[in-house]
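In this text, residue positions in the sequence shown follow my numbering: the first is 141, and each later residue adds one.
Note that the Cβ used here is the ideal one computed from N, Cα and C, for glycine as well.
A quick note: this is a predicted structure, and the numbers were derived from the prediction, not measured.
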Amino acid sequence: MSSPALDHIIAEAEQDPEGPLQRILPRSRPQRQRITLRFIVLLFALLCWKPWPLLATEFVRETFSGLYAGDTVPSAKWNNVGSSFTVQDSPPHRAFGTSSLFGRIEGANARISTVASIPTTGLTVISFTFREPTAPSGQALIFGLGKSNEINSVHAGLAFTLNNGVFATGSNTTGPSSTYPLDVPRKITVVFNRNASSINYEFQGLQTLASNQADVWISQTGSTAIPTKIGTYTSTANTAEVNQFVLRTFSAPPGNIVDFDNLSIRDTIAAPAPLLSSLYPQNWTPPQNPTHNFQTGAFLQDFSHAGYRAGNEDPPTITGPEWIVTNPPFNADPTGVTDSTLAIQSAINTAEAAGGGIVKLPAGTYRIRPQGTNNYALRIDAPNIVLRGDGPATTRLLNDLTEMRNKQVILIQGASQAAFTSNTTTATTLITTDLPGPTTQLPVANAALFSPGDWITVRADTTDAWITEHGINNWLGYGSSLGGFAYRRKVVAVDPVNHIVTIDIPTRYSLTTRDNARLLLAAHSGLNEIGLENFSIGMLERTGTGWAEEDYNSETNASWHTHSSFAITFQRTRDSWMTNVHSYRPEQNTTQTHILSNGVHLTDSCRITLADCHFQNAQYGGGGGNGYLYRISNASDNLLIRCRGTFSRHAFVFSQMRCSGNVFHRCIDSTTGRQVADGNAARQTTSGTGSDHHMHFSHSNLIDTCIADSSFFTAAYRPFGSPPLHEVTASHSVFWNTEGTGSSGGAVVRTEQSRMGYAIGTRGTRNTISRPTGGGSRMAPADWVEAAGQGDHLEPFSLYEDQLQRRIGPLYLTPLAQWRHTHFGQNFEKPDLAGSTADPDQDHRPNVIEFALNSHPLNSQSDPRTTIHPIEIEGVIHHSFTLPVRNGATFDEGSGNLVSNSIDGITYTIQSSIDLQNWTTIQVVEITPTPTNNFSPLDDGWSYRTFRTTLSPATTTRLFYRAMVTALPE
């Protein structure tokens, strides 16, 4: 039996097409995209694979980006189905790719030197290949260049000498002779030296070649130089694929190229000084009243309180009890033939009566519609209810009513006393001191009225004095309709002696005694613990004409019937969540319509998390509030993470004075200013566009690391709408590290806010920031702008993630996120450096593999600690495979596969093969207890596990192992 060896390691990633965005939040979230990374360990001879040494502790970037040692490039096949080409015996030679005949070696020890040096200017790849025109079998043999001690073929007797260059090589492989007329051992060689003006090289025959000669072919274009035997060939099947390297351009000056054991070429870039906002130094602490003043200062607030339970916890995974809507007595129809509204509502009512639980929607399409005079199809109005499907692609709610004016498909609705402006209360007291800045300490006339745990509302009126102070004269007389400021908060401490009430989340704007600032004990804190999970909503399109901006005002127009409809509304709700809920296009629709007008509405609600949702293709996007995919109006401290809005008037919208403390994090706005209408492109443009702060002084919100794809984010003066006009739309809101992509949209951020606004960091192909001036002096001073076009280097990359980590610390991070924070520090939120699929030390092990196998992500010399060693079992020597896994992993034997449980978001799969093709038929088993070999120590959290196959060593001539890691990125 030949000795097994570690031959090479490959890591590859696969993306679930139905999964959400691959932007990563370093905390656990349900229903995330799956990333599979294969760490393939091939064992063939008893050799030890050595990782590349690390040059230095600075950030290291590899200049040759491509595939190594047996990797394949689908686009680089040297023979595709149906392709044909001809190779002649004399010039011009034609080969697959751009190659040219350089020279010929004849006889043993013959030499060939350069006819002319190859200039390095513009050089990408040089590939050398050798072909013997004849061979004993009558077929030509192609040989790739390699070092003399690396040539395995008996015919490949060629050596290589390089002057002022650097040598890197691929691997010898053998093409399938059954599908191609050549037996093809080959080695691809890449030569590059940035410091030299040209590269000189020499070849030498080391032994008598079978035909006593070999042609030398080169390619300077990046294609692999592989000529063929003389003749014309047409491929009828895919054959072997070519290994290749492609040079990644870089801006480092000459002299930074380093040769790593003749294996790789890298350039070292000294880590630049961090690009910090002057408002967010490394020693930043949350701003406090009275040091910070909303009226006169510029500062960044603490936005980490957004989302479920004020950002302190992730939404839970509820396990039961469960009511399945297709089971008796509900009997909902999953085929979509008959109406299921009453059946599903009955299941909701039953769960509510029982005190809560899961209302399960198995895979299927459920036809629903508002019944009678109801303004909803389904309603949840009691706490602790989860409406859960099997996934947005398989569980679908079809709203088949097109008469949806002022209606919603799903309504989550709390008691009327839970409204932010409700005056129903058993206790109220005035704030006794002006509070110009953010604070959690509220001086009141009578603190004894409150107790820790109470829900309260902090309120202030929009008085004419306030309106005049802010220069919004068009609002005079409309203060009561504007409603004033209102912050729903929880009491955490009471000091009755000093008359101080301490609340959980800071206030978001100046509060004055002049404006009747006060505390009210909430009669009802809002409906809570509601979850919507893993389904999609589609709405039948409305047929007819009348899709213009104001057509919603006339009942004769189709848009009148779709006006102000919503897919989902959360009203008077707190501490709830919606994850992995999408819109979809019903197959009955002749246009691309998903929803009739609006997507999700949060109103009079707080501390709700929306994650991994995608709404798109609004049929109507006219005036009066239509075509908004995510609308946050009079709602506070909510978190939208990795949500996406596509093809609408507005994707993400903030509205009104009680809208504050909300966070849009890693969301994507794609293609706004659009509506589906009747499908006619001439009627698909809307007058409103972008994601905006829409009206009435929404304030202190954060748009963090979001993407505008052919769209933009804005907070600007808007003298539009019915009285009171939209006017001043925002104050003290922050655009942090916004990315602009796509061919349209102009400036990616447009900011003109009252008192102060902030646009810090932009990136992408559209990275300009504009500061409109339409509001005049009432909007002075000009908003704070920093780091335009420099977002890739901004630290922290995400303000929200950094503030969350500062406030709650690694205690609330998943093990993978804690590991990232340990190794990457303040850069742990940067996906290109610390993300699961990133490879900052360029050792071809992504970070999630480094985590799974307990190796170091910034040290390519760090051993992955995979070990191949013989082990005696009942007198028989087996070749076993040992690797680190996370503590707590257990393995269940499958058909060939040995699959672990999901542990810390990681699943391990151990497989074996004898031919590198079939990985599922050979049974792998775990050896217990793990042998006590002299393995290197592991960090806390990992332990070694050892595996073998059930094959007989006596009959096994070669053996390969593969370890795969499947991870749920956070």
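Ends of the alpha helix (DSSP H) at V988?
Counting along the chain, the alpha helix (DSSP H) containing V988 begins and ends at N987 to A992.
Just to confirm my understanding: we take S418, look at its own chain, exclude 5 residues before and 5 after, and list those with CB closer than 8 angstroms. What are they?
Excluding residues within five positions, the ones whose Cβ falls inside 8 angstroms are E926.
Considering only residues of the stretch 711-767, which uninterrupted beta strand (DSSP E) runs meet the minimum length of 3 residues and lie entirely inside it, listed in chain order?
Those beta strand (DSSP E) runs which fall completely within the stretch 711-767 and span 3+ residues are 713-723, 738-743, 746-751 and 754-756.
Which residues mark the beginning and the end of the alpha helix (DSSP H) in which D972 is found?
For D972, the enclosing alpha helix (DSSP H) begins and ends at P971 to A974.
Using the Cα positions of V1105 and F991, report the straight-line distance between them to the nearest angstrom.
Spanning the two alpha carbons is a distance of roughly 10 angstroms.
Which of the three DSSP states is assigned to D1044 in this structure?
The three-state reading of DSSP puts D1044 in coil, since its state is none of H, G, I, E or B.
Name the DSSP bridge partner or partners of S1053?
In the DSSP output, where bridge partners are listed per residue, S1053 has F1100.
Which whole-angstrom value describes the C-beta separation of Y1084 and P1024, a residue pair presumed to lie in contact below a C-beta threshold of 8 angstroms?
About 6 angstroms; that satisfies the 8 angstroms criterion.
State buried or exposed for F860, treating a residue as buried only when at least 16 other CB atoms are found within 10 Å of its CB.
Counting the other CB atoms within 10 Å of its CB gives F860 a total below 16, which places it among the exposed residues.
Under the assumption that G901 contacts W876 (Cβ atoms under 8 angstroms), give the Cβ distance between them as a whole number of angstroms.
Contact between G901 and W876 is confirmed by a C-beta separation of about 6 angstroms, below the 8 angstroms threshold.
Simplified DSSP assignment, three categories, for L865
Here L865 sits in coil by DSSP.
Measuring alpha carbon to alpha carbon, tell me which of I808, R712 and P921 ends up nearest D752.
Checking every option, the nearest Cα to that of D752 belongs to I808.
My output table needs one value for D454: the three-state DSSP class, helix, strand or coil.
The answer is coil: DSSP assigns D454 none of H, G, I, E or B.
Cα separation between R536 and Y724?
One Cα belongs to R536, the other to Y724, and the distance between them is close to 8 angstroms.
Whole-number beta carbon distance between Y857 and M919, since they are thought to touch under 8 angstroms
By a beta-carbon distance limit of 8 angstroms, M919 contacts Y857. Their separation comes to about 6 angstroms.
Can you tell me whether DSSP reads S917 as helix, strand or coil?
Three-state DSSP puts S917 in a helix.
Buried or exposed by the 16-neighbour rule on C-beta atoms within 10 Å, applied to P578:
Label assigned to P578: buried.
C-alpha gap between G801 and H839, whole angstroms
The C-alpha of H839 is placed about 7 angstroms away from the C-alpha of G801.
Rounded separation between T110 and N546 - CA only
Since the displayed the chain opens at 141 and closes at 1110, residue 110 lies outside it and no answer follows.
Should E673 be labelled buried (16 or more other beta-carbon atoms within 10 Å of its own) or exposed?
Here E673 is buried. Its C-beta has 16 or more other C-beta atoms within 10 Å.
Pick out the complete beta strand (DSSP E) segments inside the stretch 466-516, 3 residues or longer, and give them in chain order.
Whole beta strand (DSSP E) segments, 3+ residues: 475-479, 497-501 and 504-508.
Determine the direct distance from the alpha carbon of N738 to that of G512, and round the result to whole angstroms.
Cα to Cα, the separation comes out at about 22 angstroms.
Could you tell me whether the Cβ atoms of N668 and R628 are closer together than 7 angstroms?
The Cβ-Cβ distance between N668 and R628 does not fall below 7 angstroms.
Between the stretch 461-468 and the stretch 480-494, do three or more beta carbon pairs fall short of 8 angstroms?
Between the stretch 461-468 and the stretch 480-494 there are three or more C-beta pairs closer than 8 angstroms, enough to call the two in contact.
For T408, name the three-state secondary structure that DSSP assigns.
Here the model assigns T408 a pLDDT of 29, short of 50, so the residue's position is not dependable, and the following value carries that caveat. If DSSP states are grouped into helix, strand and coil, T408 belongs with the strands.
Hey, D655 and D601 are a contact pair by Cβ (cut 8 angstroms); roughly how many whole angstroms apart?
Contact between D655 and D601 holds, with the beta-carbon distance rounding to 5 angstroms and staying under 8 angstroms.
Alpha carbon to alpha carbon, how far is F675 from E1014?
Near 54 angstroms, if we compare the C-alpha coordinates of E1014 and F675.
Given that a residue counts as buried once 16 or more other Cβ atoms are within 10 Å of its Cβ, and exposed if not, what is S1092?
Per the 10 Å Cβ criterion, exposed.
Segments of 3+ residues assigned as beta strand (DSSP E) that fall wholly inside the stretch 606-683:
The stretch 606-683 contains, as complete beta strand (DSSP E) runs of 3+ residues, the segments 625-635, 640-643, 658-661 and 670-679 (chain order).
Determine the extent of the beta strand (DSSP E) in which P1024 is found, giving its start and end residues.
Its beta strand (DSSP E) spans residues V1016 to R1026.
Quick one: what does DSSP say T1090 is sitting in, helix, strand or coil?
In this structure, T1090 counts as coil in the three-state DSSP scheme.
Residues sharing a beta bridge with A848, DSSP:
As computed with DSSP, A848 is found in a beta bridge with D809 and G880.
Under a three-way DSSP split, which group does S556 fall into?
Residue state, collapsed to three classes: helix.
Sequence-distant residues of its chain with Cβ nearer than 7 angstroms to A887 (five each side left out):
Shown here for A887: same chain residues with a beta carbon closer than 7 angstroms to its own, the five before and five after excluded, namely F852, T908, I909 and S910 in chain order.
What does DSSP give as the partner residues of D1032 in its beta bridges?
D1032 pairs with V1039.
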